[in-house]
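Below is one structure; the comments refer to it alone.
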Amino acid sequence: MTDTDTTRRIFEGSGQMAEVIALQRYAESMLPEDTRIFFDPLAVHFIDPRKLAWARDHPAETRAMLEELERTTPGWANSIRARVRYFDDVTERAARDGVRQMVVLGAGYDTRAYRIDAVKDSVRVYEVDRPPIVERKTDIMTTVLGAVPDHVTAVPLDLDHGDLWENLARAGFSAEFSTLFVLEGLVMYLSRDAVEVLLSDIARNSGDGSSVLFDCVPQFLADGSSEQEGARSILDATVLAGEPILSGFAEGEVEPFLARLGFSGVTVVPSSEYGPMYYHGKNAGRSVSSLLAFVRAEVG
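Quick note: the sequence shown, position 291, residue 293 per my numbering, numbers continuous.
See below:
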């Protein structure tokens with residue numbers, strides 16, 4: 003079996019990259035309490051029950067597929083899960099520090115607005131994504147919770163075909179308030195021009211104390227020039243999922259790029275930092291991928 007065959011079996015038919023990420027959150031949440039690095043009790047509701055049933059009924063094949071995925075994209079799954087935890091930590095800290103709003107761009111099946119107490123207590127959340135994803139998520143949250151919580155507002159919008167700021171304003175967003183903008187698993191799927199426009203708009207439409215949180219990949223992964231183990235398999239997998247990687251950053255480029263757009267206090271967290279940050283003790287043997295980094299920056 004080729005590497006491409008393997009990634010096709012894993013990703014084909016998922017419909018949305020959002021479901022793939024929800025599956026990662028579910029898998030981590032099913033680990034023992036003293037082993038998992040986060041717990042998301044809602045993730046399971048976003049996964050096709052037929053996939054869960056198949057995995058339950060075919061444990062050996064499921065295990066073989068996961069082992070093959072780790073072989074072809076070493077450390078990538080653990081990096082995705084570390085991203086969830088890091089974004090959880092930053093989000094909770096921002097909420098406790100008094101941020102008034104959170105805008106989740108490309109929200110997919112993100113559940114922070116529903117499971118982080120500090121967010122539920124005091125933050126107005128705007129979840130932006132394509133209308134079909136927003137509709138499905140709203141239906142699921144209504145079924146699971148009885149209703150979408152009052153502090154959460156869905157903003158159905160394709161970022162490629164609509165004015166983000168007009169839609170946010172209509173939903174109640176205020177550019178005068180401090181806001182955490184969360185772009186988890188989004189930047190790499192946008193063109194460089196689109197990334198620049200989006201981030202510069204965030205800098206111009208944010209109140210004092212606002213910040214942005216995103217993840218990124220190296221430019222050599224995005225342009226397909228990397229010979230690093232796993233790079234080609236990652237690119238193939240994103241293409242099969244219908245969301246190819248389009249942009250990355252060269253080494254040392256993130257800080258000056260963001261400074262030029264109006265950001266300061268830039269923190270770049272590479273795998274060499276977040277790996278030992280979250281995978282230690284019983285998890286010390288869980289490798290991460292150097293192809294994914296996390297970024298936080300303040301507006302102004």
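Just so you know, even glycine gets a beta-carbon here, dropped at the ideal spot from N, CA and C.
For the options Ile135, Val130, Thr144, the alpha carbon positioned closest to that of Leu170 is the one of Val130. For Arg83, the closest alpha carbon among the candidates Glu186, Asp162, Gly267 is that of Glu186.
Comparing alpha-carbon positions, the option among Tyr111, Val199, Gly209 lying closest to Pro134 turns out to be Tyr111. Non-local C-beta neighbours of Leu237 in its own chain, meaning closer than 8 Å and more than five positions away in sequence, comprise Leu223, Gly226, Pro246, Ile247, ordered along the chain. With a minimum length of 3 residues, the unbroken runs of beta strand (DSSP E) contained wholly in the region 226-282 fall at 265-271.
The residue from Pro278, Ser292, Arg126 with its alpha-carbon nearest to that of Glu231 is Ser292.
The C-beta separation of Thr181 from Ser212 comes to about 5 Å, placing the pair in contact by the 8 Å criterion. Following the DSSP letters along the chain, one finds Leu201 inside the alpha helix (DSSP H) bounded by residues 194-206. Contact between Val154 and Val127 holds, since their C-beta atoms are separated by about 5 Å, short of 8 Å. Look at Met143 here: in three-state DSSP terms it is helix. According to the DSSP assignment, Thr155 belongs to the beta strand (DSSP E) that extends over 154-158. DSSP places Leu185 in the uninterrupted beta strand (DSSP E) bounded by 181-185.
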